[in-house]
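As structure tokens, the structure follows; a few thoughts come after it.
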Amino acid sequence: MSYEGQTAYVTGGASGIARALTTMLVEKGIKVYIADINKQGAESVAQELNNKAGSRMVSAVGVDVTDWDSQVAGFEEAIKALGGRIDYVYPIAGIAEVSWLPNRPKQEGFVKPNLSVWDIDGTGVMYTCALAVQQFRRQEPNKFGFRGKIAAVSSVRGLYSVPSMPIYCAAKFGVVGFVRSFGKHLPKEQITLNAMCPAIVKTGINIGRSDWYDKAESLNLIVKMESLLNAFGSLLGSSGVSGECFEFPPGKIDNPQGWILKPQNEYTTPESEVHVRYSDSQFAHQHDPVD
């Protein structure tokens with residue numbers, strides 16, 4: 658299927674999953690604007706892919722995803738450069754767990770917590786999604802019938818808690834909750850929202866241990882990048898999937914592509930489901946667009 662003429666905005670595009678995704682999108686004929694705090698790295702990726710494509714398919718901008726004004730500036734630059742329209746937005750920029758409190762607290766006073774992981778992996782994603790939804794609502798549906806699509810990256814640690822990764826899990830669980838809720842609200846506006854929840858992928862993300870990937874591989878915990886790209890690809894074009902979390906678990910599963918749509922938790926009682934439906938009916942108006 659041809660996606661020529663379509664456009665995308667990717668955060669964290671200088672490395673890892675975002676870089677691999679950008680490469681795939683360009684191969685499918687989609688023009689991409691990558692945003693990364695490492696502007697030099699992003700520009701290097703853009704130059705490499707443009708040279709390979711033989712035309713200007715990728716542009717780069719320096720963006721700090723934790724800063725709203727920085728995100729707005731980068732997104733506005735992308736909209737202008739891409740002809741006033743963005744079809745796909747991918748909030749992917751992220752970091753691994755770091756200590757949020759001192760291990761040996763002072764006897765007196767209090768230390769401000771380090772919430773950089775939350776700021777990047779949680780707030781940063783929400784900022785990018787906020788920009789995307791506002792832009793999509795201004796756009797007419799494209800040839801596939803959609804105003805725009807968002808595919809964020811969460812983690813299996815957004816589905817299963819890890820005791821030693823509290824802030825990372827909090828951020829990733831937050832992305833999952835956001836996608837499963839708002840992702841079911843948006844389709845009536847011809848907008849979709851989904852999340853990728855991979856286990857360990859060889860991305861080069863700094864986790865502070867040089868043997869991290871080697872040990873994970875020996876335990877059969879590595880997920881193939883190809884599996885993520887297949888899932889991202891399945892959401893392009895006419896796919897109407899929304900509000901779903903694609904889990905990429907280690908080990909063998911039935912789907913040879915390496916992912917499953919992770920079901921939501923079952924309701925404990927019938928009244929639990931009624932409570933959810935009732936709450937939705939009471940708050941839906943806050944999120945509907947008003948002319």
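Numbering-wise (the numbering used here), the sequence shown opens with residue 658 and increments by one.
Just so you know, even glycine gets a beta-carbon here, dropped at the ideal spot from N, CA and C.
- The Cβ atoms of I777 and A753 lie no closer than 8 angstroms to each other.
- Shown here, D724 sits in coil according to DSSP, grouped into three states, outside any helix or strand.
- Looking at L739, E883, F767, the one whose alpha-carbon comes closest to that of G915 is E883.
- Within the same chain, Cβ atoms closer than 6 angstroms to the Cβ of I857 are found at A873, L878, I879, the five residues on either side in sequence being excluded.
- By the neighbour-count criterion, in which a residue is buried when 16 or more other Cβ atoms sit within 10 angstroms of its Cβ, I910 is exposed.
- Looking at the DSSP output, K806 bridges to Y745, T849.
- The three-state secondary structure of S672, taken from DSSP, is coil.
- With 16 or more other Cβ atoms from the protein chains shown falling within 10 Å of its own Cβ, F835 counts as buried.
- Residue range 715-719 is occupied by the beta strand (DSSP E) that includes G719.
- With a cut-off of 8 angstroms on Cβ pairs, the stretch 849-856 is not in contact with the stretch 920-934, counting fewer than three such pairs.
- Here DSSP, grouped into helix, strand and coil, assigns E700 to helix.
- Taking a contact to require three or more Cβ pairs closer than 8 angstroms, the stretch 721-734 and the stretch 813-825 do not qualify as touching.
- Straight across, the Cα-Cα distance linking A671 with V898 is about 28 angstroms.
- For D937, no beta strand (DSSP E) encloses it; the enclosing alpha helix (DSSP H) starts and ends at 927-940.
- The C-beta of K769 has fewer than 16 other C-beta atoms within 10 Å across all chains shown, which makes the residue exposed.
- Note on geometry: alpha-carbon atoms of T680 and R934 lie some 41 angstroms from one another.
- According to DSSP, K688 shares a beta bridge with T664.
- Contact between G719 and I694 holds: their C-beta atoms lie close to 7 angstroms from each other, under 8 angstroms.
- With respect to A717, A703 sits close: the two C-beta atoms are nearer than 8 angstroms.
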